[in-house]
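Input: a single structure, listed below in structure tokens.
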Amino acid sequence: MPTANSERPIATMTFWDHLDVLRSSLIKMGVAVVVFAVAAFLMKETLFSVVLAPRSSDFVTYRLLGVEEFSLHLMNTGLTEQFMIHMRTALYAGLLLASPYILYELFRFVSPGLYQNERRYAVWIVGAAYVMFLVGTLVNYFVVFPLTVRFLGTYQVSPDVANMLTIQSYVDTLLGMSLVMGVVFELPVVCALLGRIGLINAQLMAGYRRHAIVAILVVAAIITPTTDVFTLFVVSLPIYLLYEVSTVIVRWVHKN
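Shown next as structure tokens:
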């Protein structure tokens with residue numbers, strides 16, 4: 002009899018059986034996203050109190066930094082714009098809230114085909130990836146986005162030129178930067194995997210540090226919504242710190 006540590010589980014399901022299981026998992030994940038999205042949609046005031054919080058000096062980040070009082074006034078320019086923004090924001094919130102269940106369903110689907118030690122690694126990898134995505138989203142919400150909004154939203158070339166920001170521009174920037182920063186914060190997880198299989202090591206990463214800085218600046222320039230130096234610096238700094246953290250993690254992986 003094969004053991005769980007040395008052999009994969011014996012397949013007893015046909016290809017079509019696997020498709021049925023996958024379809025069932027996808028339906029469950031879709032239902033979970035819809036339920037959370039509908040709940041977020043119905044809680045409109047709570048949802049947008051969170052989304053719109055960084056537009057005024059009452060936001061926690063501004064209070065901690067001692068930023069002088071300000072408030073950005075957003076405007077709507079389209080007939081259906083506010084409703085569509087409400088729908089899109091609720092859907093993003095639904096995906097974010099349902100993501101633990103989505104990961105659980107995906108793991109349930111693939112785990113029967115894994116070795117026992119592979120399952121253990123998979124749990125750590127998926128868990129770390131999820132946590133780092135959340136950390137990236139929170140860093141964007143509490144640091145990168147507020148500083149970007151404060152600088153660009155109040156910047157004027159002349160007192161005679163008033164800023165008229167649309168709600169669509171504000172929300173699109175917030176959601177887009179949250180998604181990008183969440184993906185960027187997966188860097189330590191990716192580096193740990195590459196280090197685990199021997200494709201990279203800490204010495205290699207340290208030797209290519211200057212090249213990495215140039216690449217980080219290029220990536221930051223691509224993902225930032227504007228081309229000003231301030232926003233470029235605000236986005237580049239967390240990514241560079243992630244690179245240094247990844248170097249430490251890869252060194253630890255090799256030692257263990």
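Position 211 (the sequence shown) corresponds to 212 in our numbering; numbering is contiguous. We put the beta carbon where it would ideally sit given N, CA and C, even for glycine.
Sequence-distant residues of its chain with Cβ nearer than 8 Å to residue i (five each side left out)
{"i": "V52", "result": "T90, V172, L175"}
{"i": "N164", "result": "L73, G154, T155, Y156, Q157"}
{"i": "F60", "result": "A54, P147"}
{"i": "I168", "result": "L75, M76, N77, E82, Q83, I86"}
{"i": "I201", "result": "C192, L195, V251"}
Nonlocal neighbours in the same chain, by C-beta distance under 6 Å from residue i, ignoring five residues either side
{"i": "V254", "result": "A193, G196, R197"}
{"i": "A260", "result": "Lying before the first or after the last residue shown, residue 260 is absent from the chain, which here runs from 2 to 257."}
{"i": "S179", "result": "T138, N141"}
{"i": "I224", "result": "V181"}
heavy atom of the ligand COA below 6 Å from residue i C-beta
{"i": "L175", "result": "For the structure depicted, the ligand COA is absent and the ligand set is empty, with no information on it obtainable."}
N- and C-terminal bounds of the alpha helix (DSSP H) containing residue i
{"i": "V1", "result": "This structure does not reach residue 1, given that the chain is present from 2 up to 257, and the question cannot be answered."}
{"i": "T62", "result": "61-66"}
{"i": "T81", "result": "Here T81 belongs to no alpha helix (DSSP H), and DSSP marks it neither H nor E."}
{"i": "Y122", "result": "117-140"}
{"i": "F186", "result": "Neither: F186 is in no alpha helix (DSSP H) and is coded neither H nor E."}
{"i": "P147", "result": "146-155"}
{"i": "G208", "result": "203-208"}
{"i": "R252", "result": "230-256"}
Burial state of residue i (16 or more Cβ within 10 Å)
{"i": "G177", "result": "exposed"}
{"i": "M133", "result": "buried"}
{"i": "S159", "result": "exposed"}
{"i": "I240", "result": "buried"}
{"i": "L65", "result": "exposed"}
{"i": "R9", "result": "With a pLDDT of 46 at R9, under the threshold of 50, the predicted position of this residue should be treated as unreliable, and no value is reported."}
{"i": "M2", "result": "In this prediction, M2 scores a pLDDT of 41, lower than 50, which makes its location untrustworthy; no coordinate-derived value is stated."}
{"i": "G114", "result": "exposed"}
{"i": "L243", "result": "buried"}
{"i": "T149", "result": "buried"}
Inter-residue Cα distance where the pair is residue i and residue j
{"i": "L218", "j": "T15", "result": "49 Å"}
{"i": "V215", "j": "R151", "result": "26 Å"}
{"i": "L80", "j": "S170", "result": "15 Å"}
{"i": "V35", "j": "V185", "result": "26 Å"}
{"i": "F42", "j": "M88", "result": "7 Å"}
{"i": "Y209", "j": "S58", "result": "40 Å"}
{"i": "R109", "j": "M30", "result": "12 Å"}
{"i": "H19", "j": "A123", "result": "20 Å"}
{"i": "V162", "j": "R56", "result": "19 Å"}
{"i": "K256", "j": "E119", "result": "20 Å"}
{"i": "Y116", "j": "A94", "result": "34 Å"}
{"i": "W125", "j": "E69", "result": "43 Å"}
{"i": "F37", "j": "L166", "result": "29 Å"}
{"i": "F234", "j": "F143", "result": "16 Å"}
Other residues of its chain near residue i: CB distance less than 7 Å, five sequence neighbours each side excluded
{"i": "S7", "result": "Low confidence applies here, because S7 scores a pLDDT of 43, under 50, leaving its location unreliable and the question unanswered by this model."}
{"i": "D21", "result": "none"}
{"i": "L92", "result": "A38"}
Assumed close pair residue i, residue j - CB separation to whole angstroms, cut-off 8 Å
{"i": "L205", "j": "S247", "result": "L205 to S247, Cβ: 12 Å. No contact."}
{"i": "A213", "j": "V236", "result": "Contact flag wrong, Cβ pair sits at about 15 Å."}
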